[in-house]
Amino acid sequence: MIDLKHLSIAYGETSVVKDVTLHVPEGGSFALVGESGSGKSTILKAIAGQITNWTGRIRLGEHDLQHGRDPALIRLCQMVFQDPFGSLHPRKTVDTILSEPLSIHGIRDQNKRVLETLDAVGLARKFRFRLPHQLSGGQRQRVAIARALMLDPPVMLLDEPTSALDVSVQAEVLNLLKTLREERGLTYFLVTHDLPVVSFLCDNLGILRQGELVELATVDQLKQQRFSSDYGNELLSKSF
Amino acid sequence: MSLLTIENLRVSFPGEQGAVEVVKGISFELGRERLGIVGESGSGKSMTGRSILRLIDKPGSVTADRMEFDGLDLMTLSNRRMRALRGARMSMVMQDPKFSLNPVMRIGDQIAEVLSFHSKLNARERRKRVLESLEAVRITDPERVYKLYPHEVSGGMGQRIMIAMMVILEPDLMIADEPTSALDVSVQAQVLDIMDDLVTRTGMGLIIISHDLNMVARYCDRILVMFNGEIVESCQASELANAQHPYTQGLLASMPTLDEHRDRLPVLDRTQLGGV
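Protein chains in written order, with the numbering used here: chain A, 5 to 244; chain B, 677 to 952.
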């Protein structure tokens with residue numbers, strides 16, 4: 005579903021992502037882990053179309069990603085951001101946030117779709133006309149997930165989706181993400197530094213260091229704490 | 677003898693429907709040890725830390741039957757004597773170096789400010805002490821860092837600078853409020869190791885306030901778990917896995933582990949806990 009071939013990204017002289025090749029099958033769940041500055045978010049941004057000066061090939065399903073604005077991309081993948089306090093418009097109600105993508109893409113049945121998606125992410129319908137500041141962190145992250153689901157994209161890009169949440173709320177959101185993936189056959193591309201979250205949610209992972217893909221591993225390797233690269237094992241030892 | 681004694685501490689803020697109590701009568705003692713206070717957002721853990729330093733301003737109100745630091749009654753101490761205490765004998769490391777350092781002041785001068793306020797050292801001695809303290813937090817090139825501005829250093833280094841500022845006068849008590857949550861995982865361990873090292877070397881008391889159970893279990897001797905303004909569990913860090921209270925058990929269970937085989941994570945049932 006997601007196919008990266010020799011992907012490189014540079015800002016001026018500094019190259020941030022160096023020749024990354026990886027493949028995520030349809031319905032798969034892949035995690036990219038690494039320290040800050042390793043380039044993991046940059047790869048995510050390139051797939052999401054926020055960065056355009058990449059070289060190599062990015063392929064989503066049958067669609068080759070274009071440099072620059074790419075309308076087809078929006079229906080293919082949507083992103084959930086790290087901080088639910090910063091990623092929702094503070095003066096728009098949940099209803100407006102969720103129906104906006106439908107209006108832009110000229111999709112009918114807005115009322116029905118908004119209610120369906122609210123149900124899907126486990127938000128009570130009474131929240132529909134609230135503003136973000138009236139919601140808790142976990143509820144906001146549910147709204148952000150609902151917004152990403154509105155256009156029914158097959159691919160979800162998740163940028164540290166639970167690191168701003170309390171542990172008990174994190175469990176709720178992780179359960180939700182797992183359920184949604186099973187019900188809708190979504191493909192997840194997750195960026196995180198939290199290895200236990202990877203163990204719960206993903207099938208495969210890639211370890212990134214200073215823009216280079218050090219290792220591609222299965223989640224079983226993570227569970228048994230048996231990475232083949234030294235750096236992978238170093239990351240494991242730093243994880244609590 | 678214990679360093680800090682707190683009995684029946686209450687913190688409240690006025691709300692639309694009367695006062696809201698955010699800390700509801702907690703008591704604990706601290707010796708020269710490492711104590712961890714854990715809880716989720718809104719549990720009152722940060723308010724507990726701030727009230728020890730008397731940093732809660734109006735309209736908040738703090739009451740306690742007893743709040744003593746090394747024989748001094750913190751409730752009745754004058755503001756002037758309290759100021760002499762803060763920074764010199766007890767200090768606080770804040771969460772995020774980006775917002776806690778003065779952006780328009782060189783790092784060395786910022787650290788030296790503590791010395792000029794609390795000691796009678798001259799400029800040359802101050803500079804020497806600052807360089808030593810930067811070295812103590814494992815900054816390899818203190819001369820260069822002395823002249824930098826906060827935006828020129830990384831998050832991990834910023835946090836180490838804050839710690840240097842807090843330990844330069846070798847306080848008896850250090851309160852660290854989420855000292856690592858703004859930092860990258862790879863740097864977290866390093867910052868905690870430095871704090872740990874300073875605590876063992878100088879024998880100060882340390883309170884780490886955090887939401888991260890695993891981190892606290894690893895770096896503290898004793899743990900208090902707060903929920904809804906109350907201490908619901910108090911145990912040795914090594915005994916955390918055998919926690920008795922349903923809230924602590926719930927928190928522990930809801931965390932994914934490296935070797936995760938559960939299909940769904942158990943979720944805390946707040947209605948059962950009688951909380952918010």
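Every residue, glycine too, gets a C-beta built ideally from N, C-alpha and C.
Inter-residue spacing [alpha-carbon to alpha-carbon] between B/L849 and B/R800
One-based indexing of the second sequence puts residue 849 of chain B at position 173. One-based indexing of the second sequence puts residue 800 of chain B at position 124. Each residue's Cα considered, the two are about 27 Å apart.
Alpha helix (DSSP H) runs wholly inside the stretch 718 to 746 of chain B, at least 4 long, in chain order:
721 to 728
DSSP on A/E238, reduced to helix/strand/coil?
In the first sequence, counting from the first residue as 1, residue 238 of chain A sits at position 234. A/E238: helix per DSSP, three-state reduction.
Contact check, A/L161 vs A/A52 under 8 Å by CB: the rounded distance?
Here the question's residue 161 of chain A lines up with position 157 in the first sequence. Here the question's residue 52 of chain A lines up with position 48 in the first sequence. Confirmed, about 6 Å.
Does the beta carbon of A/V30 sit closer than 8 Å to a beta carbon anywhere in chain B?
As a position in the first sequence, residue 30 of chain A is number 26, starting the count at 1. The sequence given here has Glu at residue 30 of chain A, not Val. Not closer than 8 Å to any Cβ of chain B, the Cβ of A/E30 fails to qualify, so no.
What does the alpha-carbon distance come out to for the pair A/P158 and A/V24?
The count along the first sequence starts at 1 and reaches residue 158 of chain A at position 154. The count along the first sequence starts at 1 and reaches residue 24 of chain A at position 20. One C-alpha to the other measures close to 22 Å.
If you draw a straight line from the C-alpha of B/G778 to the C-alpha of B/L824, how long is it?
In the second sequence, residue 778 of chain B corresponds to position 102, counting from 1. In the second sequence, residue 824 of chain B corresponds to position 148, counting from 1. One point to set straight first is that residue 778 of chain B is Asn, not Gly, in the sequence displayed. Their Cα atoms are separated by approximately 12 Å.
Am I right that A/V84 and A/A152 are in contact with their C-beta atoms under 8 Å? What's the rounded C-beta distance?
For this step, residue 84 of chain A is matched to residue 80 along the first sequence. For this step, residue 152 of chain A is matched to residue 148 along the first sequence. About 5 Å separates the two Cβ atoms, so the contact holds.
Does A/V159 have its Cβ less than 8 Å from a Cβ in chain B?
Walking along the first sequence from the start, residue 159 of chain A turns up at place 155. So, not an interface residue.
Give me the chain A residues within the contact set of B/H887, using Cβ-Cβ distance strictly less than 9 Å, ordered along the chain.
Taking the second sequence and counting its residues from 1, the one referred to as residue 887 of chain B is at position 211. D170 and V171, listed in chain order.
Report yes or no: do the stretch 878 to 885 of chain B and the stretch 784 to 803 of chain B share at least 3 C-beta pairs separated by less than 8 Å?
no
For A/R61: DSSP bridge partner residues:
For this step, residue 61 of chain A is matched to residue 57 along the first sequence. Beta-bridge pairing links A/R61 to A/K9.
Hey, how far is the Cα of A/K96 from the Cα of B/E808?
As a working note, residue 96 of chain A is residue 92 in the first sequence. As a working note, residue 808 of chain B is residue 132 in the second sequence. Computed Cα separation, rounded: 52 Å.
As a quick exercise: from B/A840, B/Q835 and B/D872, pick the residue whose alpha carbon is nearest that of B/T972.
Because chain B spans 677 through 952 in this model, residue 972 of chain B falls outside it and cannot be assessed.
For the structure I just gave you, are there three or more beta carbon pairs, one from the stretch 717 to 729 of chain B and one from the stretch 698 to 708 of chain B, closer than 8 Å?
yes
Please report the residue range of the alpha helix (DSSP H) in which A/A50 lies.
Within the first sequence, residue 50 of chain A is the residue found at index 46, counting from 1. Looking at the DSSP string, the run of the alpha helix (DSSP H) that includes A/A50 is K44 to A52.
Selection from A/D198, A/P136, A/H197 and A/T196 that minimises the alpha carbon distance to A/S91:
Taking the first residue of the first sequence as 1, we reach residue 91 of chain A at position 87. Checking every option, the nearest Cα to that of A/S91 belongs to A/P136.
Of the residues A/H27, A/H10 and A/V21, the one placed nearest A/E221, counting alpha carbons only
Counting from one through the first sequence, the residue named residue 221 of chain A turns up at place 217. The displayed chain sequence assigns Ala, not Glu, to residue 221 of chain A. The residue with the shortest Cα to Cα distance from A/A221 is A/H27.
Over the uninterrupted beta strand (DSSP E) stretch that includes B/K700, give me the two end residues.
Your numbering for residue 700 of chain B matches position 24 in the second sequence. Its beta strand (DSSP E) spans residues G694 to L706.
By DSSP, does B/Q912 sit in helix, in strand, or in coil?
To locate residue 912 of chain B, count along the second sequence from 1; it is residue 236. Three-state DSSP puts B/Q912 in a strand.
Give me, in chain order, the residues of the same chain whose beta-carbon lies closer than 8 Å to that of B/L711; leave out the 5 immediate sequence neighbours on both sides.
Numbered from its first residue, the second sequence carries residue 711 of chain B at position 35. Result list for B/L711: F704, G881, L882, I883, I884, C896, D897, R898, I899 and L900, in chain order.
Please confirm if A/L226 has its CB atom under 8 Å from at least one CB of chain B.
Taking the first residue of the first sequence as 1, we reach residue 226 of chain A at position 222. Closer than 8 Å: yes.
Which residues of chain A have a Cβ atom closer than 9 Å to the Cβ of B/E716, listed in chain order?
For this step, residue 716 of chain B is matched to residue 40 along the second sequence. The answer, in chain order, is D170, V171, S172 and V173.
Return yes when the Cβ of A/I211 is within less than 8 Å of the Cβ of A/Y192, no when it is not.
On the first sequence, residue 192 of chain A is found 188 positions in, with the first residue counted as 1. On the first sequence, residue 211 of chain A is found 207 positions in, with the first residue counted as 1. No, the Cβ-Cβ distance between A/Y192 and A/I211 is not below 8 Å.
Residues from the stretch 196 to 211 of chain A in contact with chain B, defined by Cβ distance under 7 Å
H197, L199, P200, V201, S203 and F204
Shortest alpha-carbon distance to A/G142 belongs to which of A/V173, A/I101, A/Q82 and A/I149?
The residue you call residue 142 of chain A lines up with position 138 of the first sequence. Nearest of A/V173, A/I101, A/Q82 and A/I149 to A/G142, Cα basis: A/V173.
Helix, strand or coil: how does DSSP classify A/K116 here?
Position 112 of the first sequence, counted from the first residue, corresponds to residue 116 of chain A. Looking at A/K116 - three-state DSSP - the assignment turns out to be helix.
For A/R230, which residues in the same chain have their Cβ closer than 8 Å to its Cβ, ignoring the five residues on either side in sequence?
Reading the first sequence from its first residue, position 226 is the one you call residue 230 of chain A. Nothing meets the Cβ criterion.
Contacts around A/P94, its chain only, beta-carbon distance under 8 Å, and the 5 residues preceding and following it disregarded
As a first step, residue 94 of chain A is located in the first sequence; it is residue number 90 there, counting from the start. Excluding positions up to five away in sequence, the list reads L135, P136 and H137.
Less than 8 Å separating the beta-carbons of B/L941 and A/S203?
Residue 941 of chain B sits at position 265 when you count from the first residue of the second sequence. Residue 203 of chain A sits at position 199 when you count from the first residue of the first sequence. No; because the gap between Cβ atoms is not below 8 Å, this pair is not in contact.
Which term fits B/V952, buried or exposed, when burial requires 16 or more other beta carbons within 10 angstroms of its beta carbon?
Here residue 952 of chain B is taken as the residue at index 276 of the second sequence, counted from 1. Below a pLDDT of 50, predicted positions are generally treated as unreliable, and B/V952, at 44, falls in that range; no measurement from the model is reported.
Beta-carbon separation (whole angstroms), A/I62 vs A/V21, contact threshold 8 Å:
For the purposes of this step, residue 62 of chain A is taken as residue 58 along the first sequence, with counting starting at 1. For the purposes of this step, residue 21 of chain A is taken as residue 17 along the first sequence, with counting starting at 1. Not a contact, Cβ separation roughly 11 Å.
Grab the span of the alpha helix (DSSP H) containing A/P75 for me, first residue to last.
The sequence position of residue 75 of chain A within the first sequence is 71, counting from 1. Element bounds for A/P75: P75 to L80.
List the residues of chain B that A/Q229 touches, going by C-beta distances under 9 Å, in chain order.
As a first step, residue 229 of chain A must be located in the first sequence, where it is residue number 225. Here the neighbours are L934 and D935.
Kindly indicate which residue of A/R213, A/R132 and A/L181 has the alpha-carbon position closest to the one of A/C206.
The sequence position of residue 206 of chain A within the first sequence is 202, counting from 1. Minimum Cα distance to A/C206 is reached at A/L181.
Mapping DSSP to helix, strand and coil, what is A/M187?
Translated into the one-based positions of the first sequence, residue 187 of chain A becomes position 183. One detail in the question is off: residue 187 of chain A reads as Glu in this sequence, not Met. Residue state, collapsed to three classes: helix.
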